[in-house]
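Reading through the structure tokens given below for one structure.
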Amino acid sequence: MPVYKISFIILNYKTKHLLRLVVKNLLELKITVPYEIIVVDNASHDGSVEMMQELYPAIKLIISPTNTGHAKGNNLGISAAKGEYIIIMNSDIIFFNPADFSEMVKYLDKNPQVAMLGPKLLNGDGSVQNSCFRPYSILTPIYRRTPLGRLPAAKRDLSRHLMTDFNHNILQEVEWVLGAVLVARKSVLDKIGALNEAFFLYFADFELCDRIRFHGYKIMFYPDVNIVHYHRRQSAQGSIWGGLGSLFNYTTRVHLKDWLKYRTIAKRQYATHS
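Quick look at the structure:
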């Protein structure tokens with residue numbers, strides 16, 4: 083039997099100050115459902131570990147000797163979790179209402195076919211952030227990472243992928259939710275496996291969504307919970323052709339590498355969209 087209702091898994095990599103703020107935020111909310119916080123440090127070497135040991139010695143801290151990436155790092159936390167539900171979250175997240183957690187727990191308790199919730203994410207200015215997606219086409223990552231995204235065909239594909247027609251005020255089933263905050267049923271992760279460690283930084287969240295749906299469970303967008311995600315993504319700059327240099331920066335290389343892995347896995351296991 084689970085010891086807690088919720089296990090918060092916070093993966094940290096060189097975000098010491100954000101980590102301190104997000105842990106402080108959770109503790110100050112006075113959450114009423116039984117919960118635990120697990121911090122996984124992915125070899126930050128920026129004082130994060132020492133800060134946690136000094137300020138929050140009671141919180142479970144898992145120290146990875148190397149940067150194992152997003153999937154493997156989170157899996158370290160999931161393996162140690164004793165909660166019925168897992169909240170996987172980045173360190174750049176702020177919650178506001180302690181009642182949100184009890185409401186999500188009630189919803190999941192009543193809907194056992196739902197394996198994952200994606201709450202509504204807001205930008206720092208209060209605007210709604212894209213957090214639900216339709217699967218990539220073969221060119222979507224190129225469009226997202228280069229100025230080719232300005233082309234008319236690219237804009238149509240990105241609009242489809244980003245679900246610009248999506249109503250963020252309605253509880254509804256979706257295909258993909260963003261991994262910045264995922265609320266998952268631990269028993270389902272135990273059954274079908276957690277995040278796929280073939281991925282280093284990207285697509286582990288989307289592949290998990292595919293796997294959940296493949297096994298007959300539902301993923302729901304849950305609009306009644308509003309969370310601020312202080313996320314900043316570098317956009318491709320410059321002219322269309324000159325901007326192709328963005329293909330050679332580190333983040334883009336990792337994104338495309340993980341995308342190729344995703345296509346291979348998806349074709350082999352789920353016969354999903356190409």
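Each number in the numbering used here corresponds to the 1-based position in the sequence shown with 82 added. All C-beta atoms, glycine included, are put in the ideal place defined by N, C-alpha and C. Since we're looking at a predicted model, the values are computed, not measured.
Selection Ala348, Leu111, Leu101 and Leu93 evaluated against phenylalanine 177 yields Leu111 as nearest (Cα-Cα). At the C-beta level, asparagine 212 and leucine 233 stay beyond 8 Å of one another. Of all alpha-carbon atoms in His152, Ile92 and Ile145, the one lying nearest the alpha-carbon of aspartate 340 is that of His152.
Note on leucine 137: under 16 other CB atoms within 10 angstroms of its CB, so exposed under the neighbour-count rule. When the five nearest sequence neighbours on each side are left out, the beta carbons in the same chain lying within less than 8 Å of the beta carbon of proline 84 are those of Lys164, Gly165, Glu166 and Lys268, in order along the chain. Check the Cα spacing between alanine 235 and each of Ile220, Asn249, Val263 and Leu283: the tightest is with Ile220. In terms of Cβ geometry, alanine 276 and isoleucine 160 form a close pair [threshold 8 Å]. Considering only Ile88, Ser126, Asp128 and Met133, the residue with the shortest C-alpha distance to lysine 106 is Met133.
The DSSP-derived three-state label of glutamate 257 is coil.
The Cβ atoms of isoleucine 169 and phenylalanine 90 sit closer than 8 Å to each other.
Our two residues, alanine 280 and glutamate 185, have alpha carbons roughly 34 Å apart in a direct line. Alanine 266 is bridged by DSSP to Ile168 and Met198. With respect to the 8 Å criterion, cysteine 291 and valine 259 are classified as neighbours on the basis of their beta carbons. Under the three-state reduction of DSSP, asparagine 212 is assigned to coil, being neither helix nor strand. Sequence-distant Cβ neighbours of tyrosine 225 in its own chain, meaning closer than 7 Å and more than five residues away, are Gly231, Ala236, Asp239 and Leu240. Taking all protein chains shown into account, asparagine 193 has fewer than 16 neighbouring C-beta atoms within 10 Å of its C-beta and is therefore exposed. In this structure isoleucine 88 touches tyrosine 117 by the C-beta definition: roughly 4 Å separates them, less than 8 Å. Going by beta carbons, lysine 96 and serine 126 fall inside the 8 Å limit. Tyrosine 332 sits away from phenylalanine 285, with the two beta carbons spaced by 8 Å or more. Residue burial annotation: threonine 334 is buried, with at least 16 other C-beta atoms found within 10 angstroms of its C-beta. In the three-state reduction of the DSSP assignment, leucine 221 falls in the coil class. Closest in alpha carbon position to arginine 293, among Val263, Glu257 and Asp207, is Glu257.
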